[in-house]
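Numbered by the numbering used here, the letters in the sequence shown go through residues 5 to 287 in order.
Down below is the structure, laid out as structure tokens.
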Amino acid sequence: MSELVLRAMTTEDIAGGLRLCRASGWNQLEEDWRLFIDSPGSGGWLIERAGNILGTAAYMRYDSLAWIAMMLVDPAERRAGLGARLLSAALAAVADVPCTGLDATPAGEPLYRRFGFVEAYGLVRTKAKIDPTCFPYGPGDARPMLASDLAAVCRRDREVFGADRGRLLAALFHRAPECAWTVNDGAGVKGYTFGRPGRLYHQLGPVVAADPGTARDMVTRCLSRLGGRVFAIDAPLLDGEWLDFLKSAGFVEERHFVRMFLRGHVPPGMPARQYAICGPEFA
Ligand SMILES: CC(C)(COP(=O)(O)OP(=O)(O)OC[C@H]1O[C@@H](n2cnc3c(N)ncnc32)[C@H](O)[C@@H]1OP(=O)(O)O)[C@@H](O)C(=O)NCCC(=O)NCCS
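The structure is reproduced here in structure tokens:
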């Protein structure tokens with residue numbers, strides 16, 4: 005049998021990465037893979053045999069935070085050490101970054117624990133086909149985001165997220181402007197949302213707000229205009245009332261996963277203000 009080859013991914017390998025996404029029922033599009041491969045200091049590793057891609061791991065560098073994602077092994081090749089080899093390669097590529105995190109599925113969690121990842125908090129995937137009548141709204145300050153809002157939004161995000169993911173947020177703004185909303189009071193940016201399309205559903209996130217009322221106002225106004233689309237919102241399990249609101253709007257819990265950081269080194273930031281993460285692949 006041909007040998008296994010571990011090598012860095014290029015844009016030529018995206019089709020193979022997407023095949024593995026499909027095999028695991030994941031939602032990513034070519035543009036998502038491209039963000040890893042094109043972003044500075046970021047990238048992906050793959051293992052192939054005779055030109056067939058059997059596994060991948062990607063890493064994104066948000067200055068002081070590295071994010072590991074796209075850990076995918078062909079179902080027929082699992083439990084043979086490929087996942088561990090790919091994770092080692094991804095971690096070596098970001099060894100100079102002070103904090104490294106990931107969102108673990110139950111399939112990946114034992115592997116990550118063996119590498120020293122420690123749980124920070126749980127997350128829940130919720131999903132709904134949007135029915136606009138479930139999103140009644142009264143007066144509020146949320147409005148569609150403009151390109152001219154981006155710089156201030158990214159500055160605020162640096163404080164709340166704890167690292168600079170401005171490049172990612174700008175890409176999301178251009179990919180799905182209808183999902184980008186903001187609230188700006190006299191004191192500055194009070195909240196913002198972004199979203200993106202996917203193969204199976206749209207994702208709304210990140211949703212960042214100073215308080216639950218601001219988060220509700222933005223999400224309500226945004227989704228009430230997008231009836232008929234299926235949306236996922238991945239929410240930290242930190243605020244029961246927020247989950248109750250999502251459920252009242254038709255969102256149903258689908259599965260749980262866990263945010264973990266290497267050796268428990270959590271980045272600075274304000275998790276309680278993050279009502280939805282960007283998604284497990286982007287943090
Ligand atoms: C998670 C995933 C990437 C792991 O890939 P993998 O190649 O099976 O990973 P490994 O083989 O390195 O390790 C998996 C387990 O197999 C065991 N294993 C490794 N080599 C083995 C061998 N030769 N024989 C038997 N078991 C072995 C490991 O000890 C490990 O056990 P653990 O889970 O109890 O720690 C894979 O299951 C997958 O693609 N899952 C679906 C997508 C997913 O959920 N990805 C994770 C996202 S966070």
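For glycine and all other residues, C-beta sits at the position ideal for the given N, C-alpha and C.
As assigned by DSSP and simplified to three states, the class of residue i
i: P216; result: helix
i: I18; result: helix
i: V193; result: strand
i: I281; result: coil
i: T224; result: helix
i: E257; result: strand
i: A27; result: helix
i: D1; result: Nothing can be reported for residue 1: it is not among the residues displayed for the chain, which extend from 5 to 287.
i: R65; result: strand
i: L50; result: strand
i: D107; result: strand
i: G244; result: helix
i: L230; result: coil
i: E7; result: coil
i: R263; result: strand
i: R82; result: coil
i: A236; result: strand
i: A287; result: coil
i: A99; result: coil
i: F249; result: helix
i: G87; result: helix
Residue i: CB within 7 Å of a non-hydrogen atom of ligand 1
i: S92; result: no
i: L106; result: yes
i: A88; result: yes
i: L95; result: no
i: A70; result: no
i: G59; result: yes
i: R82; result: yes
i: V122; result: no
i: M264; result: no
i: A62; result: no
i: P114; result: yes
i: R118; result: yes
i: T224; result: no
i: A219; result: no
i: G85; result: yes
i: M288; result: Because residue 288 is not part of the residues shown, which for the chain are 5 to 287, the question remains open.
i: V77; result: yes
Cβ-based burial, residue i [other Cβ within 10 Å; buried from 16]
i: A19; result: exposed
i: S46; result: buried
i: A132; result: buried
i: D221; result: buried
i: G283; result: buried
i: L106; result: buried
i: R259; result: exposed
i: L204; result: exposed
i: D42; result: exposed
i: V157; result: buried
Taking the runs of the alpha helix (DSSP H) that are 4 residues or longer, which of them lie wholly in the segment 133 to 211? 154 to 165 and 170 to 179
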